[in-house]
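Engineer: Before we start, here is the structure in question, set down as C-alpha cells.
Numbering (our numbering), first residue to last: 2 to 297.
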C-alpha cells in the first residue's frame, strides 16, 4: 500500500481458535534451506479494512513454524506494526518499520519483546520548508524514533492513533525524524506526484502512495537497505530471499529481492511496481500473498 500504511480499523477472519490450531511446531528446514521472507502489511498481508484472511495467516504460520525467517517490512510505525504480528502469532527475529528507518530486533527482556536494532534519523527542516512552499494547504507529520507522530493541519490518518500530538508547523523542525508524511487532499495521485517531482527534493528518499500521500525517509534509506542489513545478520544468501509488496514504497525492496531471489508484486500493484518484480501474484482480495508463499 502507500508509504504511510496507516490503518484505523482492523478486523480479521483469523480468530484465536484458528491461531491455536496452527500453533508453531519444531523447525523442519536446515540452515542451508532457510529463506528470509519479507512481507509488506497493507495491501499484502492485510486487505483494506484490516482483514487478514485465513489463507494468508495460515501460510505465514506454516513458513515460520518450519524455521524460515518470516518478517514484516512496512511503512507503518512500530506501534502500528507489532499488533499485526500479535494477530498473526508471529515472533520474528527482526522487524522493519517506517520504510526502513527503524529496524527492531527480538529482545525478550523488553516490554514489547523487541528493542531497536538500527535507527536512521534526519533533520526535516529543509524538506518541510521546501514542500510547504509548493503545498500550502497540505497536512504534515513527523515521526520520531519512539514512534511518536507530531502533526499539523487536518490529519485524520494519525489523529486517533496512539502517540500522536498536534503541534505548530515550526515545531516539527525540532524533531529528529525517522519519517515525514505529507498529505494533500486537494490533489489526485498523478497531480500530487507531478508537484512533488517538480520540487526536486534533495538528500531524502521519498515515494508517493495510492492517494496524495508523500512519505519521506532519510537519504538512502528504504525497506531494501534495512532488509540487506538483516539478511547479513542472519547469514542467509541473497538467492534465498523472498519479498512481497504492492506499493511504491516496496519498489526498492522488490528490486533487491528480484536481483537474486524472488521479488513478488501483488496483483493490484501499479505498473511501476510490477516492472521491478520478477514474479506477480493475485490481488490481496484473492489471497495473492498466500499463493506466493505456498510455492516456498
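Where a beta carbon is used, it is the ideal one built from N, C-alpha and C, also for glycine.
Because the structure is a prediction, the values reported are computed rather than measured.
#1: How far does the beta strand (DSSP E) with residue 272 in it reach, from first residue to last?
#2: Mind pulling the beta strand (DSSP E) runs of 3 or more residues that sit fully within the region 64-118?
#3: Could you give the distance in angstroms between the alpha-carbon of residue 84 and the alpha-carbon of residue 95?
#4: Quick one: using the 10 Å Cβ neighbour count with 16 as the cut-off for buried, is residue 113 buried or exposed?
#5: Is it true that the CB of residue 146 sits closer than 7 Å to the CB of residue 179?
#6: So, with DSSP's three-state summary, where would you put residue 56?
#7: Which runs of the beta strand (DSSP E) fall wholly inside the region 121-154 and span at least 3 residues, in chain order?
#8: Nearest CA to the CA of residue 117: which residue from 102, 123, 128?
#9: Under three-state DSSP, which class holds residue 267?
#10: Verify whether the separation of the beta carbon atoms of residue 297 and residue 245 is less than 7 Å.
#11: Give every residue of the same chain whose Cβ lies closer than 8 Å to the Cβ of residue 119, excluding the five residues on either side of it in the sequence, and list them in chain order.
#12: Which residues does DSSP list as the beta-bridge partners of residue 246?
#13: Would you list the residues sitting across from residue 167 in a DSSP beta bridge?
#14: Is any heavy atom in the ligand MN found nearer than 6 Å to the beta carbon of residue 155?
#15: In its own chain, which residues sit with a C-beta less than 6 Å from the C-beta of residue 199, not counting the 5 before and 5 after it?
#16: Is there contact here, the region 121-129 with the region 250-268, by at least three beta-carbon pairs under 8 Å?
#17: Helix, strand or coil for residue 40, going by three-state DSSP, please let me know.
#18: What distance in whole Å lies between the Cβ atoms of residue 177 and residue 122, which are believed to be in contact at a cut-off of 8 Å?
#19: Could you spell out the range, first to last residue, of the beta strand (DSSP E) harbouring residue 30?
#20: So, using beta-carbon positions, are residue 323 and residue 92 closer together than 7 Å?
#21: Just to confirm the assignment, what range does the alpha helix (DSSP H) spanning residue 213 have?
#22: Helix, strand or coil: which one does DSSP assign to residue 222?
#23: What number of angstroms, rounded off, separates the C-alpha of residue 252 from the C-alpha of residue 172?
#24: Measure the CB-CB distance between residue 274 and residue 293 and report whether it falls below 7 Å.
#25: How about residue 268: is its C-beta nearer than 7 Å to some C-beta of chain D?
#26: As a quick exercise: from 108, 54, 225, 194, pick the residue whose alpha carbon is nearest that of residue 136.
#27: Take residue 221 as the anchor and find which of 207, 43, 138 has the nearest alpha-carbon.
Structural biologist: In short:
#1: Sequence index remark: in the chain shown, residue 272 carries index 271 (1-based). No beta strand (DSSP E) holds residue 272; the alpha helix (DSSP H) holding it covers 272-275.
#2: 70-73, 95-98, 103-107, all fully within the region 64-118.
#3: Here the question's residue 84 lines up with position 83 in the chain shown. Here the question's residue 95 lines up with position 94 in the chain shown. Here the alpha carbons of residue 95 and residue 84 stand approximately 15 Å from one another.
#4: For this step, residue 113 is matched to residue 112 along the chain shown. It counts as exposed.
#5: Here the question's residue 179 lines up with position 178 in the chain shown. Here the question's residue 146 lines up with position 145 in the chain shown. For residue 179 and residue 146, yes; Cβs fall inside 7 Å.
#6: Indexing the chain shown from 1 puts residue 56 at position 55. Helix.
#7: Counting whole runs of 3 or more residues, the region 121-154 contains the beta strand (DSSP E) stretches 140-144, 150-153.
#8: Reading the chain shown from its first residue, position 116 is the one you call residue 117. Cα-wise, what sits closest to residue 117 is 102.
#9: By 1-based counting over the chain shown, the position of residue 267 is 266. Note: residue 267 maps to coil in three-state DSSP.
#10: Sequence index remark: in the chain shown, residue 297 carries index 296 (1-based). Sequence index remark: in the chain shown, residue 245 carries index 244 (1-based). Cβ atoms of residue 297 and residue 245: not closer than 7 Å.
#11: Translated into the one-based positions of the chain shown, residue 119 becomes position 118. Only 103, 104, 227, 230 meet the Cβ criterion.
#12: Here residue 246 corresponds to residue number 245 of the chain shown, with the count starting at 1. Residue 246 pairs with 266.
#13: For the purposes of this step, residue 167 is identified with residue 166 of the chain shown, where counting begins at 1. Here residue 167 is bridged, per DSSP, to 152.
#14: The ligand MN is not part of the structure shown, which contains no ligands of any sort.
#15: As a working note, residue 199 is residue 198 in the chain shown. Contacts found: none.
#16: No contact exists between the region 121-129 and the region 250-268.
#17: As a position in the chain shown, residue 40 is number 39, starting the count at 1. Here residue 40 sits in strand by DSSP.
#18: Start at 1 with the first residue of the chain shown, and residue 122 comes out as number 121. Start at 1 with the first residue of the chain shown, and residue 177 comes out as number 176. Yes, residue 122 and residue 177 are in contact; Cβ-Cβ is about 4 Å, under 8 Å.
#19: Counting from one through the chain shown, the residue named residue 30 turns up at place 29. No beta strand (DSSP E) contains residue 30, which DSSP labels as neither H nor E.
#20: No information on residue 323 is available, as it lies outside the stretch 2 to 297 that the chain covers here.
#21: As a working note, residue 213 is residue 212 in the chain shown. Run containing residue 213: none; DSSP gives neither H nor E here.
#22: Here residue 222 refers to the residue found at position 221 of the chain shown. Residue state for residue 222 is assigned as coil, using DSSP reduced to three classes.
#23: Locating residue 252 in the chain shown gives position 251, counting from the first residue. Locating residue 172 in the chain shown gives position 171, counting from the first residue. Taking the straight line joining both Cα atoms gives about 32 Å.
#24: As a position in the chain shown, residue 274 is number 273, starting the count at 1. As a position in the chain shown, residue 293 is number 292, starting the count at 1. Residue 293 is positioned such that its CB atom lies no closer than 7 Å to that of residue 274.
#25: The structure shown contains no chain D, having only a single protein chain.
#26: The residue given as residue 136 occupies position 135 in the chain shown. Of 108, 54, 225, 194, the residue nearest in Cα terms is 194.
#27: The residue you call residue 221 lines up with position 220 of the chain shown. Closest in C-alpha terms to residue 221, from the list 207, 43, 138, comes 207.
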